[in-house]
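Structure, as structure tokens:
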Amino acid sequence: MHDTLTQAEAVRPRPATIPGLGRQLRSEEMVINMGPQHPSTHGVLRLELVVDGEEVVEVIPHIGYLHRCFEKHCEHMTNYQQVIPYADRLDYVAAMSNEFGYVIAVEKLLKIQVPERVEYIRVIMAELSRIVSHLIAIGTYGMDIGAFTPFLYCMRDREHVLDIFENACGARLLYNYMWVGGLSHDVPPDFQEKVRAFCKYFRPSIKELNDLLSYNKIFIERTANVGVLPGEVAINYAVSGPTLRGSGVKWDIRKNDPYSVYPKLDFEIPFGKGEKGTVGDCWDRYMVRVHEMEQSVKIIEQAVEQLPAGDVQVAIPKRIRPAAGDLYVRTETPKGELGYYIVSDGTATPFRVKVKAPCFVNLSALPAMCRGAMIADVVAILGSIDIVLGEVDR
Amino acid sequence: MIPQEILDSLKSQFGDAIVEAKLEGVIDPFIKIAPEKVKDVCYFLRDQEKMSFDTLNLLTGMDYTGGKLGVVYHLSSTKLQHKIVLKVEVPADNAHVQSVESVWKTANWHEREAYDMIGLIFDGHPDLRRILMPDDWEGHPLRKDYKVPEFYNGMKVPY
Numbered sequence: 000m001h002d003t004l005t006q007a008e009a010v011r012p013r014p015a016t017i018p019g020l021g022r023q024l025r026s027e028e029m030v031i032n033m034g035p036q037h038p039s040t041h042g043v044l045r046l047e048l049v050v051d052g053e054e055v056v057e058v059i060p061h062i063g064y065l066h067r068c069f070e071k072h073c074e075h076m077t078n079y080q081q082v083i084p085y086a087d088r089l090d091y092v093a094a095m096s097n098e099f100g101y102v103i104a105v106e107k108l109l110k111i112q113v114p115e116r117v118e119y120i121r122v123i124m125a126e127l128s129r130i131v132s133h134l135i136a137i138g139t140y141g142m143d144i145g146a147f148t149p150f151l152y153c154m155r156d157r158e159h160v161l162d163i164f165e166n167a168c169g170a171r172l173l174y175n176y177m178w179v180g181g182l183s184h185d186v187p188p189d190f191q192e193k194v195r196a197f198c199k200y201f202r203p204s205i206k207e208l209n210d211l212l213s214y215n216k217i218f219i220e221r222t223a224n225v226g227v228l229p230g231e232v233a234i235n236y237a238v239s240g241p242t243l244r245g246s247g248v249k250w251d252i253r254k255n256d257p258y259s260v261y262p263k264l265d266f267e268i269p270f271g272k273g274e275k276g277t278v279g280d281c282w283d284r285y286m287v288r289v290h291e292m293e294q295s296v297k298i299i300e301q302a303v304e305q306l307p308a309g310d311v312q313v314a315i316p317k318r319i320r321p322a323a324g325d326l327y328v329r330t331e332t333p334k335g336e337l338g339y340y341i342v343s344d345g346t347a348t349p350f351r352v353k354v355k356a357p358c359f360v361n362l363s364a365l366p367a368m369c370r371g372a373m374i375a376d377v378v379a380i381l382g383s384i385d386i387v388l389g390e391v392d393r
Numbered sequence: 000m001i002p003q004e005i006l007d008s009l010k011s012q013f014g015d016a017i018v019e020a021k022l023e024g025v026i027d028p029f030i031k032i033a034p035e036k037v038k039d040v041c042y043f044l045r046d047q048e049k050m051s052f053d054t055l056n057l058l059t060g061m062d063y064t065g066g067k068l069g070v071v072y073h074l075s076s077t078k079l080q081h082k083i084v085l086k087v088e089v090p091a092d093n094a095h096v097q098s099v100e101s102v103w104k105t106a107n108w109h110e111r112e113a114y115d116m117i118g119l120i121f122d123g124h125p126d127l128r129r130i131l132m133p134d135d136w137e138g139h140p141l142r143k144d145y146k147v148p149e150f151y152n153g154m155k156v157p158y
């Protein structure tokens with residue numbers, strides 16, 4: 000009898016007859032809401048899951064719960080510098096990287112060159128914040144999957160970086176440290192020493208993390224071959240950062256469209272190779288982050304050695320008025336390509352600031368990754384693209 | 000490819016659809032195209048081998064004031080590593096632009112945002128609804144003439 004079933008019918012659950020009643024069980028698609036308050040959505044995100052049994056047919060993300068009109072605020076500032084603290088709050092776990100992109104954009108608009116010392120300090124800060132961001136991504140990802148301990152290890156290591164930030168600028172989360180034309184103030188005298196000490200401490204920590212989580216059999220079972228995003232689909236969705244590189248695309252703006260002093264520093268681009276499953280699965284995306292932390296340590300070590308002496312601020316007028324024009328500047332933040340499209344009309348206030356938020360774009364590819372997955376895998380897939388809702392909703 | 004070559008090849012293919020181009024004296028060279036030809040131009044840019052613009056980095060909705068709205072497309076190629084900017088201008092009272100969702104999937108959310116914030120209508124978009132603002136919000140907040148409503152669903156907006 001089964002021979003007459005087609006492949007699809009055999010796989011699909013068919014209405015079963017309830018014994019004794021002669022009635023058939025209803026079988027239809029069901030809609031489940033995941034969020035807005037759900038531990039694995041890392042903030043206020045609602046996913047509307049259309050499921051057929053355990054299988055996910057469609058995922059519809061609903062965003063905007065954390066929308067705070069960043070772009071509207073920018074148009075109502077009295078000057079360009081006032082935007083910097085707001086930029087901090089986009090991706091609040093890696094605030095330095097957000098400032099970095101914005102100040103580069105405004106400096107390019109003003110056609111000013113900042114001292115080399117500033118560039119190096121900015122790169123060190125950006126790479127340290129990449130480590131912080133990836134530690135949070137890895138820690139919370141482990142927790143989503145069910146491993147609580149790595150989270151504590153990650154938070155412990157993150158604390159060391161936050162101490163360095165606090166020592167340099169007084170703040171631990173939102174810094175307002177990079178200013179147009181330089182930095183708010185120079186780093187303290189023991190900065191280099193502290194950063195070196197951190198690098199020395201952190202290398203073995205990565206190995207510890209690998210032993211604890213990355214090559215853990217249960218973790219691999221939960222993430223390998225799950226949520227596969229092929230390279231060409233990833234490019235069509237314009238995803239960036241570890242999510243793109245996890246799909247085997249060797250693309251990093253620090254190398255492919257270099258800015259600041261990155262061309263002077265030696266590092267590699269880690270990308271997904273399908274080591275434990277298929278290229279572009281959750282484990283690949285996860286592992287790219289681990290390798291990126293190693294590369295960041297390498298960059299920081301070089302930058303600290305090469306750090307030149309000098310000023311940390313060039314003289315710029317208090318109210319800057321860039322010539323009318325527009326530009327798009329993209330930088331590689333921990334989450335991916337953060338772009339600022341700034342339009343100036345020649346006044347002291349930006350005419351338009353548009354943010355290309357990497358998390359926003361990466362999240363838009365979530366439905367493509369989730370189709371056909373199990374409900375429990377949605378959690379694993381969402382964690383692997385590492386979103387921060389502050390940036391998705393702006 | 001340098002922007003001049005891209006412009007020449009677009010001009011020979013589309014002729015009148017290329018409204019204006021500014022390649023010198025600006026930070027990012029741009030080409031302005033007619034709104035009814037957006038989709039064709041984008042398919043051409045993506046599929047021609049020597050163009051290969053496989054990534055839409057950013058799609059921005061603009062309010063240029065004076066009854067003019069616009070869309071700005073930042074394109075780049077991961078294969079050939081070149082970039083170009085496309086601009087489209089439409090009147091505010093008839094703000095229809097062709098959707099490029101079928102060309103680059105990433106445009107889906109960007110176009111929804113441009114609709115939400117500026118009020119541009121993207122013809123051919125599969126699911127054009129608000130994305131950041133609540134579904135029942137009135138008006139488009141990033142329009143330059145936007146007035147913050149006094150009440151939202153009977154609640155006083157506090158500023």
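Taken in sequence, the protein lines are chains L and W.
So that you can map any letter, position 23 of the first sequence is 22 in numbering that gives the first Met the number 0, and since no number is skipped, the others follow by simple counting.
So that you can map any letter, position 142 of the second sequence is 141 in numbering that gives the first Met the number 0, and since no number is skipped, the others follow by simple counting.
Glycine included, every Cβ here is placed at the ideal spot set by N, Cα and C.
Source: prediction; values computed, not measured.
Ile130(L) sits close to Val160(L), with the two beta carbons spaced by under 7 Å.
At least one C-beta of chain W is nearer than 7 Å to the C-beta of Ala237(L). For Gly69(W), the pairing in a beta bridge is given by DSSP as Met61(W) and Glu88(W). Membership of Asn235(L) in the alpha helix (DSSP H) is indicated by the continuous run Gly230 to Asn235. Within the same chain, Ala86, Val328, Arg329, Thr330, Thr332, Leu337, Gly338 and Tyr339 come within 8 Å of Gly100(L) by CB-CB distance, once the 5 residues on both sides are set aside. Contact annotation: in the stretch 23–34 of chain W, residues whose CB is within less than 8 Å of a CB in chain L are Val25, Ile26 and Asp27.
A Cβ-Cβ separation of about 6 Å places Tyr152(L) in contact with Leu208(L) under the 8 Å criterion. Look at the stretch 73–101 of chain L and you find these whole runs of alpha helix (DSSP H), each 4 residues long or longer: 83–87.
Burial of Glu291(L) is indicated by the presence of at least 16 other C-beta atoms within 10 angstroms of its C-beta. Our two residues, Lys71(L) and Pro203(L), have alpha carbons roughly 45 Å apart in a direct line. Looking at the DSSP output, Leu74(W) shares a beta bridge with Leu55(W) and Ile83(W). For the stretch 112–143 of chain W, the set of positions with a beta-carbon nearer than 7 Å to some beta-carbon of chain L reads Ile130, Leu131, Met132, Pro140 and Leu141 in chain order. Only Ile62, Gly63, His66 and Cys68 from the stretch 54–68 of chain L bring a Cβ to less than 8 Å from some Cβ of chain W. When C-alpha distances from Arg320(L) are compared across Val313(L), Val342(L), Val49(L) and Asn224(L), the shortest belongs to Val342(L). Per DSSP, the unbroken beta strand (DSSP E) holding Met33(L) starts and ends at Met29 to Met33.
In the same chain as Leu131(W), and ignoring 5 residues on each side of it, the C-beta atoms closer than 6 Å to its own belong to Asp115, in chain order. A distance of 7 Å or more separates the beta carbons of Val82(L) and Cys68(L). Burial is judged here by how many other beta carbons sit within 10 angstroms of a residue's own beta carbon; Gly14(W) has fewer than 16 and is exposed. Glu118(L) and His73(W) have their C-alpha atoms some 26 Å from each other. Nearest neighbour of Asp310(L) by Cα position, chosen from Leu134(L), Asp185(L) and Asp156(L), turns out to be Asp185(L).
Under the DSSP assignment, His95(W) falls in the beta strand (DSSP E) whose first and last residues are His95 to Gln97.
With a cutoff of 7 Å on beta-carbon distance, Pro257(L) and Asn175(L) are scored as not near each other.
DSSP lists Leu46(L) as the bridge partner or partners of Pro60(L). Within its own chain, the residues whose Cβ lies closer than 8 Å to the Cβ of Phe43(W), once the five positions on either side in sequence are excluded, are Leu9, Gln12, Phe13 and Met50, listed in chain order. Relative to the Cα of Ser98(W), the nearest Cα in the group Trp136(W), Lys36(W) and Asp144(W) belongs to Lys36(W).
Contacts with chain L at 7 Å (Cβ-Cβ) include His73(W). When Cβ-Cβ separations below 7 Å define contact, Gly338(L) makes contact with chain W. With 16 or more neighbouring CB atoms inside 10 Å of its own CB, Glu106(L) falls in the buried class.
With fewer than 16 neighbouring CB atoms inside 10 Å of its own CB, His75(L) falls in the exposed class. If you check the CB distance, Ala91(W) and Leu119(W) do not come in under 7 Å.
Of all alpha-carbon atoms in Gly66(W), Glu4(W) and Asp134(W), the one lying nearest the alpha-carbon of Phe29(W) is that of Glu4(W). Across the set Lys143(W), Asp144(W), Arg142(W) and Gly138(W), the C-alpha of Gly138(W) shows the shortest separation from the C-alpha of Phe150(W). Of the other Cβ atoms in all chains shown, 16 or more fall within 10 Å of the Cβ of Tyr79(L); this residue is therefore buried. Only exposed fits Ala196(L), as fewer than 16 other CB atoms lie within 10 angstroms of its CB. Sixteen is the threshold: when 16 or more other Cβ atoms of the shown chains lie within 10 Å of the Cβ of Thr59(W), as they do, the residue is buried. For Leu337(L), the enclosing beta strand (DSSP E) covers residues Gly335 to Ser343.
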